[in-house]
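For the sequence shown, the residue numbers in the numbering used here are 4 to 520.
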Amino acid sequence: MAEPSPQPIRMYQKDMWSFAVFSGISLTIDQTGRESWRDGDGLYGHFIPGRKLLKNNSDRRGFMKAAGAGALGMALAAGRESGADAKEAVQSVASPVATGEYVGGLTAPKLETVRVGFIGVGARGGSHVEQILGLEGTEITAICDSYEPAALQWQTVCQDAGQRNVRVYTNGDHDYRNMLERENIDIVLISTPWRWHAIQAVDTMLSGKHAFVEVPIATTVDDCWLLVDTAERTQKHCMMMENVCYGRDELMALNMCRKGIFGDLTHGEAAYIHDLRSQMLHIDRGTGSWRTNHHVYRNGNLYPTHGLGPIAQYMNINRTDDAFSHLVSLSSPAVGRQEFATNLFPANHIRNRVDDYCGDINTSIIKTVQGRTILVQHDTTTPRPYSRLNLIQGTKGALAGFPTRIYQEGMSQWHYWAEGYDLDRFYAQFDHPLWKRLEAQARQAGGHGGMDFVMLWRIIECLRNGEPLDQNVYEGCSWSVVSPLSEESVRHDGAPVAFPDFTRGKWRETAPLGIVS
Numbered sequence: 004m005a006e007p008s009p010q011p012i013r014m015y016q017k018d019m020w021s022f023a024v025f026s027g028i029s030l031t032i033d034q035t036g037r038e039s040w041r042d043g044d045g046l047y048g049h050f051i052p053g054r055k056l057l058k059n060n061s062d063r064r065g066f067m068k069a070a071g072a073g074a075l076g077m078a079l080a081a082g083r084e085s086g087a088d089a090k091e092a093v094q095s096v097a098s099p100v101a102t103g104e105y106v107g108g109l110t111a112p113k114l115e116t117v118r119v120g121f122i123g124v125g126a127r128g129g130s131h132v133e134q135i136l137g138l139e140g141t142e143i144t145a146i147c148d149s150y151e152p153a154a155l156q157w158q159t160v161c162q163d164a165g166q167r168n169v170r171v172y173t174n175g176d177h178d179y180r181n182m183l184e185r186e187n188i189d190i191v192l193i194s195t196p197w198r199w200h201a202i203q204a205v206d207t208m209l210s211g212k213h214a215f216v217e218v219p220i221a222t223t224v225d226d227c228w229l230l231v232d233t234a235e236r237t238q239k240h241c242m243m244m245e246n247v248c249y250g251r252d253e254l255m256a257l258n259m260c261r262k263g264i265f266g267d268l269t270h271g272e273a274a275y276i277h278d279l280r281s282q283m284l285h286i287d288r289g290t291g292s293w294r295t296n297h298h299v300y301r302n303g304n305l306y307p308t309h310g311l312g313p314i315a316q317y318m319n320i321n322r323t324d325d326a327f328s329h330l331v332s333l334s335s336p337a338v339g340r341q342e343f344a345t346n347l348f349p350a351n352h353i354r355n356r357v358d359d360y361c362g363d364i365n366t367s368i369i370k371t372v373q374g375r376t377i378l379v380q381h382d383t384t385t386p387r388p389y390s391r392l393n394l395i396q397g398t399k400g401a402l403a404g405f406p407t408r409i410y411q412e413g414m415s416q417w418h419y420w421a422e423g424y425d426l427d428r429f430y431a432q433f434d435h436p437l438w439k440r441l442e443a444q445a446r447q448a449g450g451h452g453g454m455d456f457v458m459l460w461r462i463i464e465c466l467r468n469g470e471p472l473d474q475n476v477y478e479g480c481s482w483s484v485v486s487p488l489s490e491e492s493v494r495h496d497g498a499p500v501a502f503p504d505f506t507r508g509k510w511r512e513t514a515p516l517g518i519v520s
């Protein structure tokens, strides 16, 4: 990559930021004069004139490995060299100085009509287009996807639904920037491969729009901080669209936790257990064509938020009561994907030219500031039924998932779960008011049992009423950062690794998520 030209080809001016684009490289300058650069692949750093930039992702991996002693490695080194316990090691990691205002309870001006743009309309993004078309008070303005047939397909769907002014952007990976610059959009839904999430959300906020990002919100600690800093500077919403938090049983569990049904919460279990080996058949296109690569270059919990998000909400993590402190993580041997590739592909196939895949099963354990524990597992390789575990344990009972079952001390038969038809009495008493309000529409609209519809409906409601969102940027980053932290712990044989406090201590001032009626 050549060093940027001193003359930008276009310039944004937004709030405290100047945003200059140098032929695919962007330079940001804050009010203190601090400069940083990034390219369209999400690679970024501080820009120092006369110094060469990192050239590619392999350089980036080397850079991050060398920088480990500065951030994540700092906690490990402190514990290993001094014999300090995990808590002391955790406390050695400092947060960057804030240069914007806290956005934990951010509200934005009411939007009578929410104008929506999309970046990425493949399998996931296309379903969002379909759901938004059915929501009152929305208007789809533009669609961007580097794969032109997908963009045109969903443009036609919009036209057939009566929205005939939807423009498409399909001119390469970076054409979304033209959409952000030219279109009259309020929010952007980002459903692209993971490596694009953070940089596209940052560009969205810098262009004056709210960013809604598919999971995970980012895959590195640095990208999480970049998202937090940009949200604070621009005062724009940046929400990770964790749809599982809007599932019927998860909403009921939240309601029961808020009512104290399980007593004091002490432990949770979360997981993403989903046999996705068939995605390895996607070579040139499809989710597996890029997602499989994460199993090649990374070893840890690659996808933590579906299971962890609801547990964190039950426990009020980052909201007054508690926060993540540190984690330990171990991965099993990597066997399943090699075996799958050997059985299905020729010996010289790209899937068989891999030295090692991510461990089949990753198990991480989080310790919170209050001392609670959360088990978080990842397994997209072994042959077993789907599960997110969704277990929350308290001093008076527990709820567990897959299948959903409840034990309430004094109300349940000793040593027996209430499950199946026995759950009807719990649904009748504790179904979340939001679910009861939207159940008929959610079941008709579909989307993972209706949770997708409820999530998007609730986002639009908050934007139209000028209310805080149910999930903020700090939560998206805290849930997603489990991935790089777990990788660091696995590399060091299960050593404890600190969680960054993306709120810089302000989680204690953030109101818990209420029970929305």
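Glycine included, C-beta positions come from ideal geometry on N, C-alpha and C.
If you're wondering where the values come from, they're calculated on a predicted model, not measured in any experiment.
Three-state secondary structure (DSSP) at arginine 280?
Residue numbering aside, residue 280 sits at position 277 when the sequence shown is read from its first letter. In the structure shown, arginine 280 sits in a helix (DSSP, three-state: H, G or I).
Put threonine 141 into one of helix, strand or coil per three-state DSSP.
Position 138 of the sequence shown holds residue 141. The answer is strand: DSSP assigns threonine 141 an E or B state.
Suppose you measure from the CA of glutamine 162 to the CA of glutamate 142; what does that come to, to the nearest Å?
Here residue 162 is taken as the residue at index 159 of the sequence shown, counted from 1. Here residue 142 is taken as the residue at index 139 of the sequence shown, counted from 1. Roughly 12 angstroms between the two C-alpha positions.
Local conformation of aspartate 434 per DSSP, three classes:
Within the sequence shown, numbered from 1, the residue matching residue 434 stands at position 431. Of the three classes helix, strand and coil, the one that applies to aspartate 434 here is coil, per DSSP.
Can you pull the DSSP bridge partners for alanine 242?
Stepping through the sequence shown from its first residue, residue 242 is reached at position 239. As written in the sequence, residue 242 is methionine, which differs from the alanine given in the question. Answer by DSSP bridge pairing, in chain order: Phe215.
Assuming isoleucine 395 and leucine 268 form a contact by the criterion Cβ under 8 angstroms, report the distance between their Cβ atoms to the nearest whole angstrom.
Numbered from 1 along the sequence shown, position 392 holds the residue referred to as residue 395. Numbered from 1 along the sequence shown, position 265 holds the residue referred to as residue 268. With a Cβ gap of about 6 angstroms, isoleucine 395 and leucine 268 count as contacting.
Using 8 angstroms as the threshold, is the stretch 469-489 in touch with the stretch 230-245, meaning 3 or more CB pairs across them?
yes
Report buried or exposed for glutamine 447, applying the criterion of at least 16 other Cβ atoms within 10 angstroms of its Cβ.
Taking the first residue of the sequence shown as position 1, residue 447 is located at position 444. That one is exposed.
Burial state of tyrosine 105, where buried means 16 or more other Cβ atoms lie within 10 Å
As a working note, residue 105 is residue 102 in the sequence shown. Buried, since its Cβ has 16 or more Cβ neighbours within 10 Å.
Does the beta-carbon of aspartate 176 have 16 or more other beta-carbons within 10 angstroms, so that it is buried, or is it exposed?
The sequence position of residue 176 within the sequence shown is 173, counting from 1. Answer is exposed; the Cβ neighbour count stays below 16.
On the CB-based measure, 16 or more other CB atoms within 10 Å of its CB, does glycine 483 come out buried or exposed?
Against the sequence shown, residue 483 aligns to sequence position 480. In the sequence as presented, glycine is not what sits at residue 483; that position holds serine. Note on serine 483: 16 or more other CB atoms within 10 angstroms of its CB, so buried under the neighbour-count rule.
Spatially closest choice to alanine 221 from Gly123, Gln282, Val205, Pro349, by CA coordinates:
The sequence position of residue 221 within the sequence shown is 218, counting from 1. Comparing Cα-Cα distances from alanine 221 to each of Gly123, Gln282, Val205, Pro349, the minimum goes to Val205.
Quick one: using the 10 Å Cβ neighbour count with 16 as the cut-off for buried, is aspartate 427 buried or exposed?
On the sequence shown, residue 427 is found 424 positions in, with the first residue counted as 1. Aspartate 427 is exposed by the Cβ-count criterion.
Restricting to Cα atoms, I'd like to know which of Asp189, Val231, Lys212, Gly211 is closest to alanine 201.
For this step, residue 201 is matched to residue 198 along the sequence shown. When each option's Cα is compared against that of alanine 201, the closest is Val231.
Local conformation of cysteine 260 per DSSP, three classes:
Position 257 of the sequence shown holds residue 260. Judged by DSSP in its simplified three-state form, cysteine 260 adopts helix.
For phenylalanine 302, which residues from the same chain have a beta carbon less than 7 angstroms from its beta carbon, with the 5 sequence-adjacent residues on both sides left out?
Here residue 302 corresponds to residue number 299 of the sequence shown, with the count starting at 1. Phenylalanine is not the amino acid found at residue 302; the sequence shown has asparagine there. Excluding residues within five positions, the ones whose Cβ falls inside 7 angstroms are Ser334, Cys361, Gly362, Glu490, Val493.
Nearest residue (CA-CA) to arginine 375, options Ala445, Glu272, Gly310, Asp226:
Within the sequence shown, residue 375 is the residue found at index 372, counting from 1. It is Glu272.
Does the distance from the C-beta atom of aspartate 455 to that of glutamine 134 stay below 8 angstroms?
Residue numbering aside, residue 455 sits at position 452 when the sequence shown is read from its first letter. Residue numbering aside, residue 134 sits at position 131 when the sequence shown is read from its first letter. Yes, Cβ-Cβ distance for aspartate 455 and glutamine 134 is below 8 angstroms.
Just how far apart, CA to CA, sit glycine 250 and glutamate 442?
Translated into the one-based positions of the sequence shown, residue 250 becomes position 247. Translated into the one-based positions of the sequence shown, residue 442 becomes position 439. Going from the Cα of glycine 250 to the Cα of glutamate 442 covers about 11 angstroms.
Please say whether isoleucine 264 and glutamine 411 have beta carbons closer to each other than 8 angstroms?
For the purposes of this step, residue 411 is identified with residue 408 of the sequence shown, where counting begins at 1. For the purposes of this step, residue 264 is identified with residue 261 of the sequence shown, where counting begins at 1. It is a contact, given that the beta carbons lie within the stated cut-off.
Apart from the five residues just before and just after asparagine 355, which ones in its own chain have a Cβ nearer than 6 angstroms to its Cβ?
If you number the sequence shown from 1, residue 355 lands on position 352. Result list for asparagine 355: Ala344, Phe348, in chain order.
Spatially closest choice to leucine 155 from Gly508, Val171, Phe502, by CA coordinates:
Position 152 of the sequence shown, counting from 1, holds the residue named residue 155. The shortest C-alpha to C-alpha distance from leucine 155 to any of Gly508, Val171, Phe502 is the one to Val171.
Beta carbon of glutamine 380 nearer than 8 angstroms to that of threonine 366:
Taking the first residue of the sequence shown as 1, we reach residue 380 at position 377. Taking the first residue of the sequence shown as 1, we reach residue 366 at position 363. Yes; because the gap between Cβ atoms is below 8 angstroms, this pair is in contact.
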